[in-house]
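Numbering (the numbering used here), first residue to last: 4 to 463. Glycine included, C-beta positions come from ideal geometry on N, C-alpha and C. See structure below.
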Amino acid sequence: SGKGMNPGRIILRNLLSGGFTADRLAILKPGGGTVDDVSCYQSIEQVPFDIDLLVLAVDAAATVEILESITGGVKSALLIAGGTSERSEGKELGERLARAVDEKGIAAVGPNCLGVISRPAGLDTLFIPQSKIPRGNHDPGGLAYISQSGAFMITRMNRLAGIEPRYAVSTGNQLRTGVSDLLRVIAEDPQVSTFAVYVEGFRDGDGLAFCRIAEELHRQGKRVILYKGGRTSAGADAASGHTASLATDYNVCRDLAENAGVLVAEGFEEFEDLVLISTCWSGKRAGRGRLVTVSNAGYECVGMADQLQSPLHLVKFDQETGDRIARALAKCRIDRLVDIHNPVDLTPMADADVWCSVAEVILSTGDTDIAVFSPVPPTPALQTLPPADDHKEDATAGDAFAARLAQVIRASDIPVACCVDCGSLYDIFAAELSRRAGAEIPVFRSADRMIRAINLWADA
């Protein structure tokens, strides 16, 4: 409809904003006319070109009727409507839908699907306005989402807004196209290095196919991250009503996936952390697992050390490295207060000069495989606040701490992560550190979450 912002109109606007011109689009709509300068037709047969993708943003009954009426010229379809399998009342519609797709030879994604994004194709068929989930504001990275839940996919996209996915596919009920099918197709793009997958249930045989493809991707040095929903009886019941998924034994699924090199997330936060670190550290390796952690808070030094698991281990500094760190600490007379060891506790007295000098030492020793820098920001010794009338700090300034530390970090090729473990007052500092450090440096907001994510990444 040309009135209001219904799902079909939203999808149309997203397609147009993605670069599709009106002459490459057609709308099925009684009465003809145009919507947003795109011509409307009463039937598929009237459309004057072959249809590469048919997006059906109508209810389940209308979806089935349209598919049954097709006589040819449609290669693939995106089925938005729910109500064909999630409830017992939709069983007959589901059977008719499956039969129509099979008889017409159409490759179908869905039903009960939120849409698909393909940045290489300029395709955005999400029925979510860009004002609600901003996208396309960054160059796409090497990330692909494949999610049975559309809501899970778009909320992760928003929470990790600095990482623009190259692909994002909501699979819905997987009527004929399963997770492994999509993984196999997207894996053909050499630009994708991280595959973030949410699934509640696999189609028959699809779980094993998924693991085989994931194993091959792992051999290529790529990362597959999985969150498996419906792992308990209560979760399985919820999944059956959400995406018509049949439960699979979680322990079996997890063991098979981990044996294939998949990073299995136990929670939503862990999923996000693994997506962040895998995307930022694409192509990097843990080496021998030699880790150096630097903080200005003793509790973080203790907590990060407590979280370490094999193959990660703290590097023991040699005499030369220890002496170089001591000379850096001497700038603020901190060398008199702390012993030189790893984790490196700079104390709240360390200013930007000390931080940057220590970072240069850590990143240049040749004995460091992974480095972590976690400045706790309330210290008066660092510029970490946004400008305000009651102080003289400006965390966004070109000579402020974020810019200086980022410059040192960018000069290194080893995997580096940062953490800003504090509240919303320091969001601007964290964002500035992330922006200036670049796409290869993940910035976390919790030190223990950061180390847990590095543990999993290094062990895969």
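Mind checking who residue i pairs with in its DSSP beta bridge?
| i | result |
| --- | --- |
| Y148 | A171, A199 |
| A374 | V295, V419 |
| K78 | Partner(s): none; K78 has no beta bridge. |
| R452 | DSSP, once it has assigned bridges, lists no residue as partnering R452. |
| S42 | T37 |
| L57 | A80 |
| Y230 | Y201 |
| H316 | R293 |
| S121 | L126, Y170 |
| D348 | S298 |
| A331 | Per DSSP, none; premise fails for A331. |
| V267 | L229 |
| V2 | Nothing about residue 2 can be reported from this structure: the residues present for the chain run from 4 to 463 only. |
| F447 | C422 |
| L31 | Y44 |
| V112 | L81 |
Distance check for residue j and residue i, CA to CA, integer angstroms please.
| i | j | result |
| --- | --- | --- |
| R16 | N176 | 25 Å |
| A103 | G75 | 12 Å |
| D393 | T350 | 25 Å |
| I412 | R27 | 46 Å |
| E545 | K78 | The question about residue 545 has no answer here: the residues shown for the chain are numbered 4 through 463. |
| L220 | A190 | 8 Å |
| G22 | G125 | 6 Å |
| S173 | T324 | 50 Å |
| A456 | S281 | 9 Å |
| K135 | M156 | 14 Å |
| E261 | V119 | 27 Å |
| C116 | S152 | 8 Å |
| A2 | A353 | Within the shown structure, residues of the chain are numbered from 4 to 463, placing residue 2 beyond reach of any answer. |
| L178 | I149 | 15 Å |
| Y201 | G145 | 17 Å |
| P390 | S437 | 18 Å |
| L366 | K231 | 37 Å |
| P314 | E98 | 50 Å |
| S285 | E167 | 14 Å |
| L408 | Y429 | 16 Å |
| R159 | H141 | 16 Å |
| I431 | A406 | 13 Å |
Is residue i buried or exposed, if buried means 16 or more other CB atoms sit within 10 Å of its CB?
| i | result |
| --- | --- |
| L57 | buried |
| V227 | buried |
| R291 | exposed |
| S46 | exposed |
| E275 | buried |
| P143 | buried |
| S72 | exposed |
| N458 | buried |
| Y170 | buried |
| K225 | buried |
| D55 | exposed |
| Q386 | buried |
| F52 | exposed |
| K6 | exposed |
| R461 | The sequence given here has Ala at residue 461, not Arg. That one is buried. |
| M8 | exposed |
| V361 | buried |
| D372 | buried |
| R1 | Residue 1 is absent from the structure shown; the chain starts at 4 and stops at 463. |
| A63 | buried |
| D252 | exposed |
| G181 | buried |
| L340 | exposed |
| V375 | buried |
| A80 | buried |
| G85 | buried |
| D39 | exposed |
| E203 | buried |
| D184 | buried |
Report, in whole angstroms, the separation of the C-beta atoms of residue i and residue j, which I expect to be a contact under 8 Å.
| i | j | result |
| --- | --- | --- |
| V50 | A29 | 5 Å |
| V305 | I337 | Actually they do not touch by this definition, with Cβ atoms about 18 Å apart. |
| A147 | F198 | 5 Å |
| G264 | A217 | 6 Å |
| K317 | L294 | Per the sequence presented here, residue 317 reads as Leu, with Lys not at that position. About 6 Å separates the two Cβ atoms, so the contact holds. |
| T399 | E435 | 5 Å |
| A355 | F404 | 4 Å |
| P10 | I83 | 6 Å |
Let me check you understand the geometry: is the CB of residue i closer than 8 Å to at least one non-hydrogen atom of the ligand SAH?
| i | result |
| --- | --- |
| P381 | This structure simply doesn't include the ligand SAH, nor any ligand for that matter. |
Q. Between the stretch 300-310 and the stretch 189-205, are three or more C-beta pairs nearer than 8 Å?
A. no
Q.
Tell me whether the stretch 103-113 and the stretch 128-139 touch, counting them as touching only if at least three CB pairs, one residue from each stretch, are closer than 8 Å.
A. no
Q) Counting Cβ pairs, one atom from each stretch, are 3 or more of them under 8 Å apart for the stretch 411-430 and the stretch 440-450? A) Two segments are said to touch when three or more pairs of C-beta atoms, one from each, lie closer than 8 Å; by this definition the stretch 411-430 touches the stretch 440-450.
Q. Using 8 Å as the threshold, is the stretch 320-337 in touch with the stretch 398-416, meaning 3 or more CB pairs across them?
A. no
Q.
Can you confirm whether the stretch 292-304 touches the stretch 370-381 when touching is taken to mean that 3 or more C-beta pairs between the two stretches lie within less than 8 Å?
A. yes
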